[in-house]
Amino acid sequence: EGWTKAMAIELGPLGIRANTIGPTFIETPMTRPFFERPEFADWVLSKIKLGRLGQVQDLMGPVVFLASDASALMTGSAMLIDGGWTAE
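Under the working numbering, think of the first position of the sequence shown as 46, with each following residue one higher.
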């Protein structure tokens with residue numbers, strides 16, 4: 046989050062917003078092999094309070110929001126799309 050805040054401070058006066066998305070594990074062809082190991086999959090799913098891996102589609106709404114005027118006053122923020130992982 047430090048980088049996001051630093052960029053917001055530096056770029057804000059130029060009218061440029063700087064925000065980040067912090068996703069949980071997203072199921073993709075690249076990550077799928079990791080979840081074929083039951084002990085790893087069980088550990089990850091025990092951390093995600095919503096009980097499922099993220100899908101690429103789960104990131105689309107936040108990305109569209111950040112790219113739109115709906116977030117016009119938002120800068121220096123990190124959106125956690127983690128299914129509750131960091132809630133503990």
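By construction, the Cβ of each residue, glycine as well, lies at the ideal position given by its N, Cα and C atoms.
Keep in mind it's a predicted model, so treat the numbers as computed, not measured.
- Around the beta-carbon of residue 95, fewer than 16 other beta-carbon atoms lie within 10 Å, marking it exposed.
- Under the criterion of beta carbons closer than 8 Å, residue 128 and residue 49 do not qualify as touching, at roughly 21 Å.
- In this structure, residue 99 lies near residue 71, with their beta-carbon atoms less than 7 Å apart.
- In this structure residue 120 does not touch residue 67 by the C-beta definition: roughly 16 Å separates them, more than the 8 Å allowed.
- Counting only the Cα atoms, residue 108 lies some 17 Å from residue 46.
- Looking at the DSSP output, residue 65 bridges to 123.
- If you look at residue 100, you'll find it isn't in any alpha helix (DSSP H); DSSP assigns it neither H nor E.
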